[in-house]
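Enquirer: One structure, pasted below without further comment.
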Amino acid sequence: MKYSKREEVKTMRISEIINIIKRNFLFGITVVLVLSIIMYIGYFIVYKKKIGGSKKINKKQLMVVVMFIGYISMVIGVTFLNRSSGIYRSVNLHFLSTYMEAWNSFNQRNWQFIILNILIFVPIGILLPLMNKRFNNMLCTLFVGLMITVTIECLQYLTGFGIFDLDDIFNNILGTAIGYSIKMSISEMLHKKKNNGLNIFMYLFPTVVTLVIFIGIFAYYNLREYGNLSFSYNYRVNMRNAEIFTDLELSSDKVKVPIYKAPTHNRETAKKFAIDFYENLNIKLDNFETIDYSDTSIYWIRGEPSYNIWVNYLDGSYRYSKFSYLDEEKAANVENDVLIKKLKQYGINVPASATLSSSGTGTYKWTVDMKRKDDSWVNGILLCTYYRDDEIKYISNNLVTYKKVKDIEIISEVEAYEKLKTGKFKLSNLSNNIKTIHITEVVLDYMLDSKGFLQPVYSFHTSLNDEETIIVIPVM
1 MKYSKREEVK TMRISEIINI IKRNFLFGIT VVLVLSIIMY IGYFIVYKKK
51 IGGSKKINKK QLMVVVMFIG YISMVIGVTF LNRSSGIYRS VNLHFLSTYM
101 EAWNSFNQRN WQFIILNILI FVPIGILLPL MNKRFNNMLC TLFVGLMITV
151 TIECLQYLTG FGIFDLDDIF NNILGTAIGY SIKMSISEML HKKKNNGLNI
201 FMYLFPTVVT LVIFIGIFAY YNLREYGNLS FSYNYRVNMR NAEIFTDLEL
251 SSDKVKVPIY KAPTHNRETA KKFAIDFYEN LNIKLDNFET IDYSDTSIYW
301 IRGEPSYNIW VNYLDGSYRY SKFSYLDEEK AANVENDVLI KKLKQYGINV
351 PASATLSSSG TGTYKWTVDM KRKDDSWVNG ILLCTYYRDD EIKYISNNLV
401 TYKKVKDIEI ISEVEAYEKL KTGKFKLSNL SNNIKTIHIT EVVLDYMLDS
451 KGFLQPVYSF HTSLNDEETI IVIPVM
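In terms of full-length UniProt numbering, the sequence shown opens at residue 1 and continues consecutively.
Right under this line is the structure:
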């Protein structure tokens, strides 16, 4: 039995999103200023003075056009100016696969990308009807939104600044529809016509449906007992031309296996852990600072020296560091029993079953590979660096004790094999041109889900197109 930790994805903080918008807002303003100068020269100097034209500009319409161009410039800046080129070029035509990925991982970053891709086109749906009355027709507005998003997706692919993603197009069109919905419903309210309540509701329908669906997704997730597995499939792999073979006799028996729970944190308990950790080391909390992400918090104590602790909510693992600009002490080797005794001062008890190795002067690593302890499992790696002044200034404690919750019945190996045959598994390569799969071993593994439970999975050890590949099939 093996164990794989859930993939960690760093979430953008709201402040980071705002900074990206600010930078690209300035880019949009710059484009508008340059365009305004060109339009001023063209209209007042060339058209009116040189040519003697008398046609007046509709100032309101001009303002909306300028806002539209400025906003499109900002969207282009967000899309292209915050990435490096040449590293993303690929195509994803699996409809709603990004929604499935967000559901399976249920990390905030994936949902952020989906929601931001919707919101970024909302102003386009608002501005187009303000620009011209023909865009009061929803189909005309959606068509322009479609042309803009398809152009951006094609440019992303051709320049290597991103991938061509069908879901991005869907999200952008949805955002355009929501913007149109908001604009037209407000216009209908302002007209104050009799019996226009139905019209307002119809205009608001796309916005209401979208909100209900997203609220429903998050409510349903919170009501579920267990979390989701990031290794679940986002779309079915094409197995049409695949040849699958094995010499194994797969079991058709459904068995009961235990499920375990990690010591998860929330913002309050993680902060308490950090404060207790510092106080245990007699570190003053005068300059205590907290930086919160969706799944991690960083707790700083600024000064000379400085300290920080990164605490992961999902499994309670953490990383501690001490920094000093004046510190000239170097890492040093130390006897194992001395170091273990020293670690106890940091609240760490190294399991007797841990395997010790040294990866450099003063750097030590203990590894525990799913060792049973009563009704619990201990798994993970503990790293630390010891210095000549008898201090440990770096600790990465991923040794986690998972407590048994209960026994559950899982699907049989044969049922899991049928899922594999029908392409219900995850591959990182979008092309998924599978020719042969030779199954050499089936192992009952455990993987951490999005709520901190160790869920059982079957790991099919295979030779996929002559390359060693592990295919994971959830069993609950």
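All residues carry an ideal CB built from backbone N, CA and C; glycine is no exception.
Every value quoted in this text rests on a predicted model; they were computed, and no experiment measured them.
#1: Can you name the start and end residues of the alpha helix (DSSP H) that residue 280 belongs to?
#2: Would you say the region 70-80 touches the region 195-211, given that touching needs at least three Cβ pairs under 8 Å?
#3: Round the Cβ separation of residue 408 and residue 254 to the nearest angstrom and send it over; I've been treating them as touching at under 8 Å.
#4: In chain order, what residues of the same chain lie with their CB nearer than 6 Å to the CB of residue 329, ignoring the 5 residues before and after it?
#5: Would you list the one or two residues that DSSP bridges to residue 331?
#6: To test your reading of the DSSP string, which unbroken alpha helix (DSSP H) runs of 4 or more residues are found completely within the region 96-179?
#7: Keeping to the same chain, check which residues put their C-beta closer than 6 Å to that of residue 263; ignore five residues upstream and five downstream.
#8: Quick check on the burial criterion: 16 or more other C-beta atoms within 10 angstroms. Buried or exposed for residue 455?
#9: In chain order, what residues of the same chain lie with their CB nearer than 6 Å to the CB of residue 281, ignoring the 5 residues before and after it?
#10: Which residues does DSSP pair with residue 438 in a beta bridge?
#11: From the DSSP output, which residues share a beta bridge with residue 290?
#12: Can you tell me whether residue 154 is buried or exposed? The criterion is at least 16 other CB atoms within 10 Å of its CB, across all chains shown.
#13: Give me the residue from 116, 476, 450 with the minimum Cα distance to residue 458.
#14: Let me check understanding here. Comparing Cα to Cα, which of 18, 355, 403, 451 lies closest to residue 266?
#15: Let me check you understand the geometry: is the CB of residue 449 closer than 7 Å to at least one non-hydrogen atom of the ligand PLP?
#16: Below 8 Å on the Cβ atoms is my contact criterion, and I expect residue 131 with residue 64 to pass it. Report the Cβ-Cβ distance as a whole number of Å.
#17: Are there 16 or more other CB atoms within 10 angstroms of the CB of residue 440, so buried, or fewer, so exposed?
#18: In angstroms, rounded to a whole number, what distance separates the CA positions of residue 6 and residue 286?
#19: Which residue wins for smallest C-alpha separation from residue 110, given the options 23, 98, 366?
#20: Give the straight-line distance between the Cα atoms of residue 449 and residue 222, rounded to the nearest whole angstrom.
#21: Residue 422 and residue 189 look like a contact to me (Cβ under 8 Å); what is the Cβ gap, rounded to whole Å?
Expert: Let's see:
#1: 267-280
#2: no
#3: Not quite, the Cβ-Cβ distance comes to about 10 Å (not below 8 Å), so this is no contact.
#4: Within the same chain, Cβ atoms closer than 6 Å to the Cβ of residue 329 are found at 387, 388, 389, the five residues on either side in sequence being excluded.
#5: 387
#6: 97-105, 108-119, 122-131, 138-159
#7: Its chain contains 316 as the residues whose beta carbon lies nearer than 6 Å to that of residue 263, once the 5 sequence neighbours on both sides are disregarded; these appear in chain order.
#8: Buried is the call here.
#9: none
#10: 245, 463
#11: Answer is 299.
#12: exposed
#13: 476
#14: 451
#15: Judged by which ligands are present, the structure shown has none, so any question about the ligand PLP falls away.
#16: 5 Å
#17: exposed
#18: Below a pLDDT of 50, predicted positions are generally treated as unreliable, and residue 6, at 43, falls in that range; the measurement from the model is reported next regardless. So the two alpha carbons sit approximately 35 Å from each other.
#19: 98
#20: 13 Å
#21: The pair is not a contact, with the Cβ atoms about 50 Å apart (cut-off 8 Å).
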